[in-house]
Structures are given as structure tokens and as C-alpha cells.
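Novice: In our numbering, the protein residues as written are 923 to 1079. Shown below is the structure under consideration.
This is how it looks when you write it as C-alpha cells:
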């Protein structure tokens, strides 16, 4: 049933735009990424999530609907905490939220939208996040993280 909903969403949605909506990137105080020992013992954690989706109705004569999916991505360099709280010590991070907007040629139900947002929207945003992460790593003098290329699954069957 989920695959049927996904296929229905793919048939009735066309990508219109992908853009950055929020970002942050920084080193913690006292962290020097150029120091020889800076990354000794640090681990890289990644984040990838769908924050929300919303349907927008155009205010012109076309009565079109637009689906906007907000996705969050992030990478942080941490040192595992030795404290009782167990919270890791974040030494540096790069995060970004993106909006992916789709034109709907037919109003879709919420369950179909949710399946699409969770299983497919990230494929459209991934190249933008990948490029952004690489450029921010360079600007912050962090080690380059090269994320794998993501491809659409073969849904033509």
C-alpha cells in the first residue's frame, strides 16, 4: 500500500524549486581545525530528517496547489562525553534546512504526502546538501566530507 501511495505521489507531483531556508556552521571556542591533533578522537555524526510538509494554495486564477517539504541535514564532529549526562562534546557542526517545492496536478491525501516526503523528497535535495557541505567544510577548514551520490529508485515497474 505504501508503494502504491508513493507511485501516486510521484505521478502527481513535479519538482518546482529547491532552496536553503536556514543554516548554521561553526567551531566551538578554542577548537583549531588546523592543529595537527584537532580531530584525534573525534567522531562524525550525521543528521537527515523531514521536518514538516505543508500544502500551499496559489492565489491566482489557476487554483494550483504546491507541496512544500522542509528537510534538515547536518554533520557534527563530537568527542564522546565522559560526564554523567552522557552528552557529547560538539567541537564543530554544519547544518542546513532546505525546502523542496512541488506542483500538484491533483490534491493528494495526507498519508500519500507523508509517504512521499519521507521516502522521496530527499533525493531532490541531496545534491544541494552535498555541495553545500563540501563548500562549508572548506570554508571552516574542516576535513572534506564527500557524501555518496544518491539516485532515484527505479519506479517505472
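For each residue, glycine too, the CB sits at the ideal point set by N, CA and C.
(1) Report yes if the CB atom of residue 1047 is closer than 8 Å to the CB atom of residue 993, and no otherwise.
(2) Per DSSP, what kind of secondary structure is residue 1064 in: helix, strand or coil?
(3) Flag this pair as touching only if the stretch 923 to 933 and the stretch 954 to 970 have three or more C-beta atom pairs under 8 Å; answer yes or no.
(4) Which partner residues does residue 949 have in the DSSP bridge list?
(5) Counting only the same chain and skipping the five closest in sequence on each side, list residues whose C-beta sits under 6 Å from that of residue 975.
(6) Which of the three DSSP states is assigned to residue 1055 in this structure?
(7) Look at the alpha carbon of residue 1012 and the alpha carbon of residue 941, and state the distance between them as a whole number of angstroms.
(8) Could you work out which residue in 1020, 1026, 1042 and 1032 is closest to residue 1050 when comparing CA atoms only?
(9) Near residue 1023, what residues of its chain come up, given a Cβ to Cβ distance below 6 Å and the 5 sequence neighbours on each side ignored?
(10) Alpha carbon to alpha carbon, how far is residue 1045 from residue 1070? Give it in angstroms, no decimals.
(11) What does a CB cutoff of less than 8 Å around residue 1078 pick up in its chain, not counting 5 residues either side in sequence?
(12) Go ahead and label residue 996 buried or exposed: buried means 16 or more other beta carbons lie within 10 angstroms of its beta carbon, across all protein chains shown.
(13) For the beta strand (DSSP E) containing residue 992, name the first residue and the last one.
(14) Would you report the Cα separation of residue 934 and residue 1030, rounded to the nearest angstrom?
(15) Quick one, which of 985, 1009, 953 and 999 has its alpha-carbon nearest residue 1016's?
Specialist: Based on what the coordinates show:
(1) Locating residue 1047 in the chain shown gives position 125, counting from the first residue. Locating residue 993 in the chain shown gives position 71, counting from the first residue. Cβ distance < 8 Å, so residue 1047 and residue 993 count as in contact.
(2) In the chain shown, the residue the question calls residue 1064 occupies position 142. Taken through DSSP and simplified to helix, strand or coil, residue 1064 comes out as coil.
(3) no
(4) Taking the chain shown and counting its residues from 1, one reaches residue 949 at position 27. In DSSP, residue 949 forms a bridge with 1014.
(5) The count along the chain shown starts at 1 and reaches residue 975 at position 53. Answer for residue 975: 991, 1035 and 1039, listed in chain order.
(6) For the purposes of this step, residue 1055 is taken as residue 133 along the chain shown, with counting starting at 1. Looking at residue 1055 - three-state DSSP - the assignment turns out to be helix.
(7) The residue you call residue 1012 lines up with position 90 of the chain shown. The residue you call residue 941 lines up with position 19 of the chain shown. So the two alpha carbons sit approximately 27 Å from each other.
(8) As a first step, residue 1050 must be located in the chain shown, where it is residue number 128. When each option's Cα is compared against that of residue 1050, the closest is 1020.
(9) The count along the chain shown starts at 1 and reaches residue 1023 at position 101. Around residue 1023: 938, 939, 988 and 990.
(10) Stepping through the chain shown from its first residue, residue 1070 is reached at position 148. Stepping through the chain shown from its first residue, residue 1045 is reached at position 123. For residue 1070 and residue 1045, the distance between alpha carbons rounds to 12 Å.
(11) Taking the first residue of the chain shown as 1, we reach residue 1078 at position 156. Since pLDDT at residue 1078 reaches only 41, below the 50 mark, its modelled position is unreliable, and no value is offered.
(12) As a position in the chain shown, residue 996 is number 74, starting the count at 1. Burial call: buried.
(13) Stepping through the chain shown from its first residue, residue 992 is reached at position 70. Where residue 992 is concerned, the enclosing beta strand (DSSP E) stretches over 987 to 1001.
(14) The residue labelled residue 934 in the question sits at position 12 within the chain shown. The residue labelled residue 1030 in the question sits at position 108 within the chain shown. When rounded, the distance between both Cα atoms is 8 Å.
(15) In the chain shown, the residue the question calls residue 1016 occupies position 94. Ranking 985, 1009, 953 and 999 by Cα distance to residue 1016 puts 999 first.
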